[in-house]
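Heads up, my numbering is the position in the sequence shown plus 14, with the first residue counted as 1.
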Amino acid sequence: MHAMQYRVTLPADYDMEIIRRRVRTKGHLLDDFAGLGLKAYGIRERGTDGSPVNQYAPFYLWADQEGMNRFLTGDGFRGVVRDFGRPTVHTWQGLYHRPGPAADRVPDSFTQRATPLPEGVDVATAVADALAAHAESATADGVHTTALGLDPRGWGLVHFTLWAGPVPESAGGARFRVLHLSAPGTDRLGAGRQW
């Protein structure tokens, strides 16, 4: 499993209905994309849920690297580059994925929290602690799906959780509204699997 995200930050007065319309008309195109576990079409709007910016920020869980590479070099990502410029794409090695108790419902938001692993922190211990905490949080009410990834380049963890209901204040991190979910291969992500 590989986690991936790019964020397109938009002007403060940008009409976010343009992004909503884009997702309504094109979101379904990845509903059966080979190699994709799931894609949450996320947005943040300035002044909503504490967001300081307008952003289009989809989050992906890839079942295999081949599918991720095919997407990044294909027509879908070319459209993003054409319309917004080429964004920086962040990737994480997948450590854990699990559907939650609300996996049968449509998610309406996701949270994303980054945890740095500074010099001097034992990475193996930090990962083990994060896996234990993540496995426990995956059982919380309203959790649709949760995943944990490692960035060995910048040494940090990413905690990603899709929610099918109100996000608890304790979730922390940035909050995104989900406009559409493409999930053709969640069964290939290995539920509860530690990678």
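Backbone N, C-alpha and C fix where the C-beta goes; we use that ideal spot for every residue, glycine too.
With DSSP collapsed to three states, give me the class of A17.
A17 falls in the strand class under three-state DSSP.
How would you label Q79, buried or exposed, when you count the other beta carbons within 10 angstroms and need 16 or more for buried?
Q79 is exposed by the Cβ-count criterion.
Bridge partners of N68, per DSSP?
Beta-bridge pairing links N68 to L24.
For D122, which option in L131, T105, H158 and V135 has the closest C-alpha, if you only look at C-alpha atoms?
Of L131, T105, H158 and V135, the residue nearest in Cα terms is H158.
Is T159 close to chain B? Criterion is C-beta to C-beta, closer than 8 Å.
Looking at the structure shown, chain B is missing, and only one protein chain is on hand.
Flag this pair as touching only if the segment 112-131 and the segment 87-102 have three or more C-beta atom pairs under 8 Å; answer yes or no.
Taking 8 Å as the limit for Cβ pairs, the verdict is that the segment 87-102 does not touch the segment 112-131.
Which same chain residues end up closer than 8 Å to L195 when comparing Cβ atoms and leaving out the 5 residues on each side of it in sequence?
So the qualifying residues of the chain are L52, K53, A54, Y55, V120, P121 and L176.
What are the complete alpha helix (DSSP H) segments, minimum 4 residues, inside the segment 37-118?
As far as the segment 37-118 is concerned, its whole alpha helix (DSSP H) runs of at least 4 residues are 79-86 and 89-98.
Which residues mark the beginning and the end of the alpha helix (DSSP H) in which R141 is found?
Here the sequence assigns Val to residue 141, which means Arg is not the residue at that position. V141 -> alpha helix (DSSP H) spans V137 to S151.
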